[in-house]
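Scroll down for the structure; my scribbles are underneath it.
Protein chains: 4
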Amino acid sequence: MRRVKQMELRAGMTVDQLVGELGGAGVQGAGDLARACDILERMVREEATVFLGISGPMVPSGLRNIITWFIKEGHASAVVTSGANVVHDMMEAFGGGHYVGDFHADDEALRREEIGRIGNVFTRISDFQVFEDRVQELLSGIDEELRRDMSVRELLDIIGSGLDDENSFLRAAHKRGVPVFSPGLTDSMLGLQLFFFSEQNDIVLNAVKDMKELSDMVFEAEKTGAVFLGGGVPKHYILGANLLREGIDYGIQVTLDREEGGSLSGAKLEEAVSWSKAQSRANIATVIGDATVIFPIMAASLKERLA
Amino acid sequence: MRRVKQMELRAGMTVDQLVGELGGAGVQGAGDLARACDILERMVREEATVFLGISGPMVPSGLRNIITWFIKEGHASAVVTSGANVVHDMMEAFGGGHYVGDFHADDEALRREEIGRIGNVFTRISDFQVFEDRVQELLSGIDEELRRDMSVRELLDIIGSGLDDENSFLRAAHKRGVPVFSPGLTDSMLGLQLFFFSEQNDIVLNAVKDMKELSDMVFEAEKTGAVFLGGGVPKHYILGANLLREGIDYGIQVTLDREEGGSLSGAKLEEAVSWSKAQSRANIATVIGDATVIFPIMAASLKERLA
Amino acid sequence: MRRVKQMELRAGMTVDQLVGELGGAGVQGAGDLARACDILERMVREEATVFLGISGPMVPSGLRNIITWFIKEGHASAVVTSGANVVHDMMEAFGGGHYVGDFHADDEALRREEIGRIGNVFTRISDFQVFEDRVQELLSGIDEELRRDMSVRELLDIIGSGLDDENSFLRAAHKRGVPVFSPGLTDSMLGLQLFFFSEQNDIVLNAVKDMKELSDMVFEAEKTGAVFLGGGVPKHYILGANLLREGIDYGIQVTLDREEGGSLSGAKLEEAVSWSKAQSRANIATVIGDATVIFPIMAASLKERLA
Amino acid sequence: MRRVKQMELRAGMTVDQLVGELGGAGVQGAGDLARACDILERMVREEATVFLGISGPMVPSGLRNIITWFIKEGHASAVVTSGANVVHDMMEAFGGGHYVGDFHADDEALRREEIGRIGNVFTRISDFQVFEDRVQELLSGIDEELRRDMSVRELLDIIGSGLDDENSFLRAAHKRGVPVFSPGLTDSMLGLQLFFFSEQNDIVLNAVKDMKELSDMVFEAEKTGAVFLGGGVPKHYILGANLLREGIDYGIQVTLDREEGGSLSGAKLEEAVSWSKAQSRANIATVIGDATVIFPIMAASLKERLA
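From first to last, the protein sequence lines are chains C, Y, F and G. First residue of the first sequence? That's 1 in this note's numbering, and the numbers climb one at a time after it. First residue of the second sequence? That's 308 in this note's numbering, and the numbers climb one at a time after it. First residue of the third sequence? That's 615 in this note's numbering, and the numbers climb one at a time after it. First residue of the fourth sequence? That's 922 in this note's numbering, and the numbers climb one at a time after it.
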């Protein structure tokens, strides 16, 4: 048995030095986070095909530039995201913003003030009006041929190419040739805009078409890794694709959900081993915590180790 | 201020009598559950257009027949589900099963025994092999014209028509003409089968096509209600559509997730009011608990009240 | 492997019939709750020495009469409670009340209105003033000799004898000779009153004195069981005492806390087996849920089975 | 409304620089943690009387030296702890250890190997045997007069004086004259040893006696602050005492528990405002996360700011 090494702190210690102390202790959240940092470093250094899965309001809550950096550096080979993060990335690119709000705000008052609440993040409904106009423009600009059988990845690549914002993760992905998938995209405000557009125009968003590209990535990969911020559809999609190669080699998940209810978001990533969606428990870590705290630590630790 | 009435129990009391005692107390989970039962009764009695959103492994964990009953009785006007519940409904219709397992099982051992774990539910990989064969057959039987521009709803309706199992919720929905949506369907084993099929055949699953039908339902409704088991894409999809009419009139959500991480699954349903996705706090309840306990109570209470 | 039996509901079914359906499914919260009901029935039928551990605001949130019934029926051989439940039991006996409030209330406004908030339960500060007067009276009435070396159990027995309220659990315990322990009592409003009293009077609350009586109960028991509403000090105290006989025979815990943070409240009761505080996993169940929903179900099920 | 500033990371950034980025975003866990760091700095710089409340296995899981440092530096004016942290501090001082274990370990196997499990921390039962011997020695050495009416604080001070370990928080508290309270102490292995000792010797552990000293601290304080790792009895005790001065000026809490169940551990610290146990919401932060990650960040940030 390895002994829990009591942590020691130093004034001005770096983030990765802190992670080292957490890992020395090695138990509870501290141990899981330190292991996750090690696994992340490994998947990046070994140039695994890394899938970044994004659920929950990561863009609205301050992680946008970290995600964009992760893509720009080539750490992500593909991104699988909820529709909402696509919408909020676009909204910021169109000049919109996210604001520090309050979980306990009066939602009826917010409604009157035209503020939409995402947890304790506030957004202005007026920013969504700008979003609508710009999306309709963007959709009109797509080649009609393509529009009749478009994968979600193709749509998001075109959108990324049209965003004039260095901090946009969609743009960074477009520039670097990193595919962005979003299998449940139509659940979002962008989905609603696609519907409005379809009232006047032919448009087919063919989710099956995405799977060819995704599966090719999986088949061609020597090693694969996955980084999950939250769970949901992105997690299921990435793990499902990796079934084609008997599982990811490396995986980390950050979640506040719990496993007892049976949801995939709360399921420990280790569960994927039983399904042959992950290779073994050895290179897997599930960190219970708020992604707005945990992912910055992991990213800063990675940056420091690679520097 | 209304006083907390201390609960009184009686031997042999019915489920709804228990709910009455919980509501008399009126606080914490007891209060939320009792309010949810009242709201459910109201939306059903007023014949609102009710959307049933299903995330998490509801079919594998024993709620399949309750969901099917809910549809057969006409309580659900539409179902929006994760892909996994579709897969598991089909799997049971094809003779497969779900088994009582263990959260702490050794996932590497399960893998060797070809058992896939969903929390503490076990499934046999061999059942998925039957599933594969049957799905390919079903897909082959679809009219080629339709296959070239098929909504998810159309696909699931055809599947439902082909299942020979009275307990299947897909079949019940087909028979009663209740649309089943599943915007993130390709994240599931069925998604993988669609991909395999597409290697040899033309098939287009057009998620935008679904939105016309969904929005028509919303526009035509006098009142709408929503019942969310879990959150995720189904919740976002249903609430997003109801934006078109300034929000649901009635809504209840059952979840074990928490709001602080900002995820939609953990967000209190009250948040939807700020977005005009729900009309007011008055007819909304969020119940924190395991859906395998909470939904049977709500359903049994409803059954008793309507009898 | 045992198959998950899909649940079937009937209008007017009893609570225990519902529990039967939950148990047929046997997984997630449904399975845990059904197993807990079986274990509770077993410990009661076998006349085990049952310790009822109460943490969290069970009296304020509507479970007072159920706890009192449990004691009156002889199902509890001893109670171990947080100080707060003692205070709130007394407060109700003195004519005070608990009120249906709101988690999101403005705490600064409540302060001005002299309302103390416990989650979404409101209490009037004026009721605590009555409490103060009555407690000082009660303390003054205690024999001086006893007051100089009093166990917590002795204090609570005297208090119980002085409460004129059939619904008080302290009174019920006094009448039936069921000891009530509260090792952390001084953390409560009663603790503060003891301090005020001690400013003018000799009073010694000797927690070590309680342990003799507690350990005698454990040594003399043929079988022991434990029912934990929440965790905390009551759980640690009961399990620690049962170390003297190599563990409880039967145990159930209801909690919303999670295990990853390492707290005893969130720890699965199974952990106690490693410490010889519980005999085996076989007769143990941990139910994740809100005690205001879960305990009434367990109690109603027990009542029905014994009737 | 203040905009969410997207976080920026730098290789080799310090912990407090990271906290700065979290605070720039200002929402979800990131915002709460950054605010907590600010409040901690403020209470320390203003030399408030700071109460450190410790629940959950902080010593076993690697935070012992951080707690000891906090006391040595004079940041804590008093400590209120669960009994278990006292026991594990003593155990380490006696040469015992804590080991990196597994949440999913087989508890029946651990029992046979004489390993006690605390979440995923393992301890050797043999270390507790050393503990027993040493405690009996320590108790025998206490002046008989004192033993007949001893506060918990007095007992823990004597124990601290007898530990020969620079890393012990009990010893550090003794040396610096910082009182250590533990109102629920008898729930622990030390409680059991007190009972064994009492079989042959006179010993009175008088918890009321502690309250005089505690209340004097509160009455004399110009400003008070509280740092809660977990909730439980320490939180209730500290907040209850601060009622005597209409509430703490500064407060931070780290917890993984949730508020809906009504437990004090899960209650947002803001609730204390309604009770006049905290002065206002302005200087209060509740951080949802694992204390083994969150407290080291807060402590390293503080160290850096004060350096």
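Cβ coordinates follow ideal geometry from the N, Cα and C atoms, glycine included. Predicted model, so just to flag it, every value in this text is computed and none were measured.
Review point. Should Thr388(Y) be flagged as near chain A, meaning a C-beta pair shorter than 8 Å?
Key: The question asks about chain A, but that chain is absent: this structure's protein chains are C, Y, F and G.
Review point. Per DSSP, what kind of secondary structure is Gly791(F) in: helix, strand or coil?
Key: Gly791(F): coil per DSSP, three-state reduction.
Review point. Sorted by chain position, which residues of the same chain lie with C-beta nearer than 7 Å to Asp102(C)'s C-beta, five sequence neighbours on each side aside?
Key: Correct list, in chain order: Asn120.
Review point. Tell me, which residues are paired with Val1021(G) by DSSP?
Key: In the DSSP secondary-structure assignment, Val1021(G) is bridged to Val1042(G).
Review point. Helix, strand or coil: which one does DSSP assign to Asn856(F)?
Key: Reduced to three states, the DSSP call for Asn856(F) is helix.
Review point. Counting only beta-carbon atoms, is Arg565(Y) nearer than 8 Å to chain G?
Key: Yes, Arg565(Y) counts as interfacial toward chain G.
Practice item. Compute the Euclidean distance between the alpha carbons of Ile975(G) and Ile1159(G), then round it to the nearest angstrom. Key: Straight across, the Cα-Cα distance linking Ile975(G) with Ile1159(G) is about 11 Å.
Check your understanding: Between the C-alpha atoms of Gly1168(G) and Gly697(F), what's the straight-line distance to the nearest angstrom?
Key -> Going from the Cα of Gly1168(G) to the Cα of Gly697(F) covers about 20 Å.
Exercise for review: Could I get the ranges of all uninterrupted alpha helix (DSSP H) runs contained in the stretch 1046 to 1093 of chain G, with 4 residues as the minimum, in chain order?
Suggested key: Complete alpha helix (DSSP H) runs here, min 4: 1046 to 1061, 1065 to 1068 and 1073 to 1082.
Point to revise | Thr531(Y) and Asn549(Y) closer than 8 Å at C-beta | key: Taking 8 Å as the Cβ cut-off, Thr531(Y) and Asn549(Y) qualify as a contacting pair.
Point to revise | Host beta strand (DSSP E) of Thr49(C) (start-end) | key: Thr49 to Ile54 is the extent of the beta strand (DSSP E) around Thr49(C).
Check your understanding: Start and end of the alpha helix (DSSP H) containing Thr68(C)?
Key -> Unbroken alpha helix (DSSP H) run through Thr68(C): Arg64 to Lys72.
**Study point:** Distance, Gly116(C) Cα to Met928(G) Cα
**Key:** If you take the alpha carbons of Met928(G) and Gly116(C), they lie about 22 Å apart.
Check your understanding: Does DSSP classify Ala644(F) as helix, strand or coil?
Key -> Residue state, collapsed to three classes: helix.
Exercise for review: Measure from the C-beta of Gly1183(G) to each C-beta in chain Y and report whether the shortest distance is under 8 Å.
Suggested key: With its beta carbon less than 8 Å from one in chain Y, Gly1183(G) belongs to the interface.
**Study point:** chain C contacts made by the stretch 574 to 592 of chain Y, where a contact means CB separation under 7 Å
**Key:** Taking 7 Å as the upper bound on Cβ-Cβ separation, chain C lies near residues Ala574, Glu577, Glu578, Val580, Ser581, Trp582, Ser583, Ser587 and Arg588 of the stretch 574 to 592 of chain Y.
Check your understanding: Between Val19(C) and Glu452(Y), what straight-line distance do the alpha-carbon atoms span, to the nearest angstrom?
Key -> The alpha-carbon atoms of Val19(C) and Glu452(Y) are separated by roughly 57 Å.
Check your understanding: Just reading off the beta strand (DSSP E) that Thr869(F) is part of, what are its end residues?
Key -> First-last of the beta strand (DSSP E) with Thr869(F): Tyr864 to Thr869.
Review point. In terms of alpha-carbon separation, which member of Ser740(F), Val629(F) and Val714(F) lies closest to Ile601(Y)?
Key: With distances taken between Cα atoms, Ile601(Y) lies closest to Val629(F).
Review point. Gly891(G) by DSSP, collapsed to three states: which one?
Key: Here chain G comprises residues numbered 922 to 1228, so residue 891(G) is not present and cannot be evaluated.
Check your understanding: How would you write the range of the beta strand (DSSP E) that Ala315(C) sits in, first residue to last?
Key -> Lying outside 1 to 307, the shown extent of chain C, residue 315(C) is not represented and no answer is given.
Practice item. Would you list the one or two residues that DSSP bridges to Gly1037(G)? Key: Bridge partners of Gly1037(G): Thr1044(G).
Point to revise | Where Phe526(Y) falls, given that 16 or more other Cβ within 10 Å makes a residue buried | key: When all chains shown are included, Phe526(Y) counts as exposed.
Point to revise | Proximity test, Cβ basis, 8 Å: Glu1013(G) and chain F | key: No, Glu1013(G) does not count as interfacial toward chain F.
Check your understanding: Exposed or buried, Gly29(C), counting other C-beta atoms within 10 Å across all chains shown (16 or more means buried)?
Key -> Gly29(C) is buried by the Cβ-count criterion.
Exercise for review: Measure the beta-carbon distance from Ser796(F) to Val766(F) and round it to whole angstroms, keeping in mind my assumption that it falls under 8 Å.
Suggested key: About 5 Å separates the beta carbon of Ser796(F) from that of Val766(F), a gap short enough to meet the 8 Å contact definition.
Check your understanding: On the premise that Thr68(C) lies in contact with Phe131(C), defined as a C-beta separation below 8 Å, what is that separation, rounded to the nearest angstrom?
Key -> Not confirmed; about 19 Å, so no contact.
Check your understanding: Does the distance from the CB of Gly515(Y) to the CB of Val204(C) come in under 8 Å?
Key -> Per the sequence shown, the amino acid found at residue 515(Y) is Val instead of Gly. Taking a C-beta distance under 8 Å as the contact criterion, Val515(Y) and Val204(C) qualify as a contact pair.
Review point. In whole angstroms, what is the alpha-carbon distance linking Asn201(C) and Pro57(C)?
Key: Their backbone Cα atoms lie some 31 Å apart in a straight line.
Practice item. Mind checking the stretch 329 to 344 of chain Y against chain G and listing, in chain order, the residues whose C-beta falls within less than 9 Å of any C-beta there? Key: Listed by position along the chain: Val334, Gln335, Gly336 and Asp339.
Review point. Smallest Cα separation from Asp1016(G): which of Val1001(G), Asp1070(G) and Asn1088(G)?
Key: Going by the sequence as given, residue 1016(G) is Gly instead of Asp. The shortest C-alpha separation from Gly1016(G) is found at Asn1088(G).
Practice item. Would you check if the stretch 478 to 486 of chain Y and the stretch 532 to 542 of chain Y touch, i.e. whether three or more CB-CB distances between them fall below 8 Å? Key: Not touching, per the Cβ criterion.
Check your understanding: Cα-Cα, which of Asp564(Y), Glu529(Y) and Leu497(Y) is closest to Tyr557(Y)?
Key -> Residue nearest to Tyr557(Y) within the set Asp564(Y), Glu529(Y) and Leu497(Y) is Glu529(Y) (criterion: CA-CA distance).
**Study point:** Contact between the stretch 1057 to 1065 of chain G and the stretch 885 to 896 of chain F (3+ Cβ pairs under 8 Å)
**Key:** Judged by Cβ distances under 8 Å, the stretch 1057 to 1065 of chain G makes no contact with the stretch 885 to 896 of chain F, as fewer than three pairs qualify.
Point to revise | Helix, strand or coil at Val818(F) [DSSP, three-state] | key: Three-state DSSP puts Val818(F) in coil, outside helix and strand.
**Study point:** Residue span of the beta strand (DSSP E) that contains Thr224(C), given as start and end
**Key:** Per DSSP, Thr224(C) belongs to the beta strand (DSSP E) from Thr224 to Leu229.
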